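Trainee:
Numbering (this note's numbering), first residue to last: 28 to 657.
#1: Please state if the CB of residue 613 and the CB of residue 649 are separated by a distance shorter than 8 Å.
#2: Can you tell me the Cα-Cα spacing of residue 458 and residue 501, whole angstroms?
#3: Is the stretch 482-501 in contact with the stretch 437-444, if contact means three or more CB pairs nearer than 8 Å?
#4: Could you spell out where the beta strand (DSSP E) holding residue 605 opens and where it closes?
#5: Could you tell me which uninterrupted beta strand (DSSP E) segments, each at least 3 residues in length, are contained entirely in the stretch 167-209, listed from first to last along the chain?
#6: Residue 74 bridges to which residues according to DSSP?
#7: Starting from residue 554, follow the alpha helix (DSSP H) in both directions and report where the run begins and ends.
#8: Can you tell me whether residue 273 is buried or exposed, with buried defined as 16 or more other CB within 10 angstroms of its CB?
#9: Give the DSSP bridge partners of residue 111, in chain order.
#10: Can you name, in chain order, every residue of its own chain whose Cβ lies under 6 Å from the Cβ of residue 321, other than the five neighbours on each side?
#11: Apply the 10 Å Cβ neighbour rule to residue 731 and answer buried if 16 or more other Cβ atoms are within range, or exposed otherwise.
#12: Any idea what DSSP makes of residue 381, helix, strand or coil?
#13: Tell me the DSSP secondary structure of residue 471 in three-state form.
#14: Suppose the cutoff is 6 Å on Cβ atoms and the five residues either side in sequence are ignored; what does the same chain contact list for residue 403 look like?
#15: Taking residue 303 and residue 329 to be in contact with their CB atoms under 8 Å, please state how far apart those CB atoms are, rounded to whole angstroms.
#16: Would you tell me roughly how many angstroms separate the C-alpha atoms of residue 201 and residue 231, rounded to the nearest one?
#17: Check residue 508 in the structure and name its three-state DSSP category.
#18: Looking at residue 142: is its Cβ nearer than 8 Å to the Cβ of residue 184?
#19: Using three-state DSSP, classify residue 37 as helix, strand or coil.
#20: State the start and end residues of the unbroken alpha helix (DSSP H) segment that holds residue 593.
#21: How far does the alpha helix (DSSP H) with residue 635 in it extend, from its first residue to its last?
#22: Flag this pair as yes or no: are the beta carbons of residue 257 and residue 295 separated by less than 8 Å?
#23: Below 8 Å on the Cβ atoms is my guess for residue 87 versus residue 327; work out the distance and round it to an integer in Å.
#24: Return helix, strand or coil for residue 642, following the three-state DSSP convention.
#25: Can you tell me where the alpha helix (DSSP H) holding residue 328 begins and where it ends?
#26: How long is the line joining the alpha carbons of residue 153 and residue 122, rounded to whole angstroms?
#27: CB-CB under 6 Å to residue 38, same chain, minus the five flanking residues each way: which ones, in chain order?
#28: Short of 7 Å in beta carbon distance, which residues of its chain neighbour residue 216, apart from the five on each side in sequence? Order them along the chain.
#29: For residue 638, tell me which candidate among 616, 654, 605 and 524 has the shortest Cα-Cα distance.
#30: Does the stretch 258-270 come close enough to the stretch 91-103 to have 3 or more Cβ pairs within less than 8 Å?
#31: Just to confirm my understanding: we take residue 380, look at its own chain, exclude 5 residues before and 5 after, and list those with CB closer than 7 Å. What are they?
#32: Going by CA-CA distance only, name the one from 410, 106 and 178 that's closest to residue 169.
#33: Quick one: what's got a C-beta closer than 7 Å to residue 195's C-beta in the same chain, skipping five residues either side?
#34: Work out the CA separation of residue 636 and residue 645 for me, nearest whole Å.
#35: What's the call for residue 313, buried or exposed, on a 16-neighbour Cβ count within 10 Å?
Right, here's the structure in full:
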């Protein structure tokens, strides 16, 4: 292993005070912290309790003051509208300061909440940074979310103002945002004082007098005005980001200010190997944690260029979309979800689109958001001829729990593992009774408290739920709800969510291990395994398989080979007997496969439409495929 990594990791656990105070020097504080950690504060302690800072100052003002104002801060690349724009740090600062004045005129100040329900447009980032400037707490909700789900988030956050746009643009349709927002506000017990609407030329929204304000008009009226940065405690909330809860009520993950800035600054160099002035392409959405951390915040914290991409991995216009963006804007790295690469692989399995672009400057592909199967990693490695780095984290943690730290010297890759814990994360594997298990043994992946900087200190307005959902299952540890193991070399393997561990005739088996075997079949583009009820064995696994484009062999023939492959790789104990070919898998908008919903459909249980689903029609297709084979 890299000595730089070993030294950093050991120091972070043995001397967290010294390690994180040293890392904090990368941030331009108003008042630098003299203490890294205060165990007496909050649920499990708080980071940098006496630090005073402002996120917008760190990301914009400090760079302009340091003579870097002409450097490109933001590249907006929108194939769905045919638009490209760039903003320097100085230009972005002017726009943000002016929009902060707009929000201030509407009564927004320190501690107030602002909900942002917008597509991937520069104004969304301007709105976020303006909130930062004022000390307001933003809560971004993925544009196009259903009205009832949006209403729940409005009620929980109780925003003073909501920022929205007239529409979002998909490859084949326009999604009107304003009617959805109006429905949500009508359903809400906490309507905002005002709504600011960005009118897009592709589809205009109807305005409600007394509620709605035109974005362009307010900005024009504020021309020549600016707003200073509020002085914020490092422990003040920066944003609320909602993640789905098992009860149907969304959980508002709170991110504090100072710890998040420090963790992201450390990660850009040490983990991603990105230097100030380079371009970082994170192909996510600002509605998800990956977009928050590595589109909105991290690149600008360290003085890089961030790319805001309004498009898809395929279909805008083809499977070369990511490679075109990376080549054109000279991105040093791309960060996306495994499902996006699987989509590219399905449409362009031989990499013919990739071959048309010059990516000589490109250094690494980073994957996160769900488990990266070895077959996808191997395909990407063969195509890119650069490191392909799988890493694992959660909305709750804000940055990587386990990764391969490229900036500290890349470690040998083991396919199926995102590699090793990052500094500050004391990762353990325990059995259900809370006892450590031997190396290589499947168990519950937990993190010894305290969590490092950047992780959630609590849930918004619900500390009891935070304690019950994350801390009480294994006292002294944070419960990730992931199952996996740590091998003899210290590599962590995330095999499944704990509710994706299935029990076949008394054997606890990981669906991830079966998916690995299926994905290794040369004709398979992607797959998912779920456990369905079995009167004799308790549960039996069923594999849903999407084939690559252009496959000429019969589905039945391939399905038989897949069954044999799982029996060979996992063993007869898996009792794997059914593989079903489907056109596509049901996914959330962030690319996660909805295995839990698929399992309920297979078992004939009642289920509700997931709020985050990309295309509801896929679930009908899954039901049809199952019905055809019963």
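Backbone N, C-alpha and C fix where the C-beta goes; we use that ideal spot for every residue, glycine too. Being a predicted model, the structure only gives us computed values, none of them experimental.
Mentor: Let me spell this out:
#1: Residue 649 sits at position 622 when you count from the first residue of the chain shown. Residue 613 sits at position 586 when you count from the first residue of the chain shown. Contact: yes.
#2: Taking the first residue of the chain shown as 1, we reach residue 458 at position 431. Taking the first residue of the chain shown as 1, we reach residue 501 at position 474. When rounded, the distance between both Cα atoms is 10 Å.
#3: no
#4: The count along the chain shown starts at 1 and reaches residue 605 at position 578. Its beta strand (DSSP E) spans residues 605-608.
#5: 188-192, 194-196 and 201-203
#6: Within the chain shown, the letter at position 47 stands for residue 74. According to DSSP, which records beta bridges pairwise, residue 74 is partnered with 64.
#7: Within the chain shown, numbered from 1, the residue matching residue 554 stands at position 527. Run containing residue 554: none in the alpha helix (DSSP H); it sits in the beta strand (DSSP E), 551-561.
#8: Residue 273 sits at position 246 when you count from the first residue of the chain shown. Because the pLDDT of residue 273 is 49, which lies under 50, any placement of that residue in the model is unreliable, and the number read from its coordinates should be weighed accordingly. Residue 273 comes out exposed.
#9: One-based indexing of the chain shown puts residue 111 at position 84. BP columns for residue 111 point to 104.
#10: Position 294 of the chain shown holds residue 321. Cβ neighbours of residue 321 beyond the five flanking positions: 309 and 362.
#11: The question about residue 731 has no answer here: the residues shown for the chain are numbered 28 through 657.
#12: In the chain shown, residue 381 corresponds to position 354, counting from 1. Helix.
#13: Locating residue 471 in the chain shown gives position 444, where the first residue counts as 1. Here residue 471 sits in strand by DSSP.
#14: What you label residue 403 is simply residue 376 of the chain shown in a count that begins at 1. Cβ within range, chain order: 365, 368 and 369.
#15: Taking the first residue of the chain shown as 1, we reach residue 303 at position 276. Taking the first residue of the chain shown as 1, we reach residue 329 at position 302. The Cβ separation is near 5 Å, so the contact holds.
#16: Sequence index remark: in the chain shown, residue 201 carries index 174 (1-based). Sequence index remark: in the chain shown, residue 231 carries index 204 (1-based). C-alpha separation (whole angstroms): 11 Å.
#17: For this step, residue 508 is matched to residue 481 along the chain shown. Three-state DSSP puts residue 508 in a strand.
#18: The residue given as residue 142 occupies position 115 in the chain shown. The residue given as residue 184 occupies position 157 in the chain shown. Going by C-beta atoms, residue 142 is nearer than 8 Å to residue 184.
#19: On the chain shown, residue 37 is found 10 positions in, with the first residue counted as 1. Three-state result, residue 37: helix.
#20: In the chain shown, residue 593 corresponds to position 566, counting from 1. Counting along the chain, the alpha helix (DSSP H) containing residue 593 begins and ends at 582-596.
#21: In the chain shown, the residue the question calls residue 635 occupies position 608. Neither: residue 635 is in no alpha helix (DSSP H) and is coded neither H nor E.
#22: Residue 257 sits at position 230 when you count from the first residue of the chain shown. Residue 295 sits at position 268 when you count from the first residue of the chain shown. Against a cut-off of 8 Å, the Cβ pair of residue 295 and residue 257 comes out as no contact.
#23: Taking the chain shown and counting its residues from 1, the one referred to as residue 87 is at position 60. Taking the chain shown and counting its residues from 1, the one referred to as residue 327 is at position 300. Contact flag correct, Cβ pair sits at about 7 Å.
#24: In the chain shown, residue 642 corresponds to position 615, counting from 1. Residue state, collapsed to three classes: coil.
#25: Your numbering for residue 328 matches position 301 in the chain shown. Where residue 328 is concerned, the enclosing alpha helix (DSSP H) stretches over 325-328.
#26: Locating residue 153 in the chain shown gives position 126, counting from the first residue. Locating residue 122 in the chain shown gives position 95, counting from the first residue. Between residue 153 and residue 122, the C-alpha separation is close to 7 Å.
#27: One-based indexing of the chain shown puts residue 38 at position 11. The answer, listed in chain order, is 46.
#28: Reading the chain shown from its first residue, position 189 is the one you call residue 216. Within the same chain, residue 216 has close Cβ partners 182.
#29: Within the chain shown, the letter at position 611 stands for residue 638. If we check each option's Cα against that of residue 638, 616 comes out closest.
#30: no
#31: As a first step, residue 380 must be located in the chain shown, where it is residue number 353. Here the set comprises 345, 346, 347 and 350.
#32: Taking the first residue of the chain shown as position 1, residue 169 is located at position 142. Checked all of 410, 106 and 178; the closest Cα to residue 169 is 178.
#33: Residue mapping note: residue 195 aligns to position 168 of the chain shown, counting from 1. These residues qualify, in order along the chain: 146, 170, 171, 202 and 204.
#34: Looking up residue 645 in the chain shown gives position 618. Looking up residue 636 in the chain shown gives position 609. In a straight line, the C-alpha of residue 645 is about 11 Å away from that of residue 636.
#35: Here residue 313 corresponds to residue number 286 of the chain shown, with the count starting at 1. So residue 313 ends up on the buried side.
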